[in-house]
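What follows is a set of notes on a single structure, which appears directly below.
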Amino acid sequence: MAKEETPSTSKDFEELQRKLSLLIESIQNNSKMVAFLKSPVGQYLDRHPFVALTLLVFIAVSAVPVGFFLLLVMLTSLAAFVGVVLLEGLVIFVGGFSLLCVLCGLGFVSLAISGTIIVSYVVVSSLVNYWFSPRPLTPNPSGDCQLATKPTASGGRCQE
């Protein structure tokens, strides 16, 4: 027994859908986005949405470690000007190796997050399609009501 959707909820969903459509349209009409989508990389990512989502998640989660690494490089460069040349090379090597390890780990994490997002999207969209799909109210030739309907006291008519 699902609750019937209230008119205000329906209007809220329509308003949200309209705003999202405008946002997507403004992004797609951006001249830089159009130029990127015409490039070979853009066309590849357009044909492979899972790869695009994985790349987006990877870039988002790797921004902080890369920023810390660049800060480390700048600080060690400053120390090199003071006279600690060997220490700088060692620290940059260790920092670069650490960055490599962190980025490899983040690559696996971004794959897992992308997979989770895709699976969640498929499950939620399937559930929404199941819950909100129209169900006919016509009786079967045998007189039994179809799935998701129940017989009423008035003859062979069915009701939800």
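Numbering-wise, this note's numbering puts 1010 at position 74 of the sequence shown, and it's gapless, one number per residue. Here a beta-carbon is modelled for each residue, glycine too, at the ideal position from N, C-alpha and C.
Is residue i helix, strand or coil when you go by DSSP?
i	result
residue 1065	helix
residue 983	helix
residue 1071	coil
Counting along the chain, where does the alpha helix (DSSP H) carrying residue i start and finish?
i	result
residue 967	967-974
Checking contacts by CB at 8 Å: is residue i closer than that to chain D?
i	result
residue 1001	Any reference to chain D falls outside this structure, which holds one protein chain only.
Relative to the C-alpha of residue i, which residue among the options is closest?
i	options	result
residue 1030	948, 1014 and 1005	1005
residue 1002	1034, 977 and 979	1034
residue 1028	1054, 1037, 982 and 1013	1013
residue 1041	979, 1063, 1064 and 997	997
* Asked: What runs of the alpha helix (DSSP H), each 4 residues or longer, lie entirely inside the region 1010-1059?
  -> Entirely contained in the region 1010-1059, not one alpha helix (DSSP H) run reaches 4 residues.
* **Three CB pairs or more closer than 8 Å across the region 1047-1060 and the region 985-993** => Taking 8 Å as the limit for Cβ pairs, the verdict is that the region 985-993 does touch the region 1047-1060.
* Asked: At a cut of 8 Å, does the region 1021-1035 reach the region 1001-1009 through at least three beta carbon pairs?
  -> Flag = yes, the region 1021-1035 and the region 1001-1009 touch.
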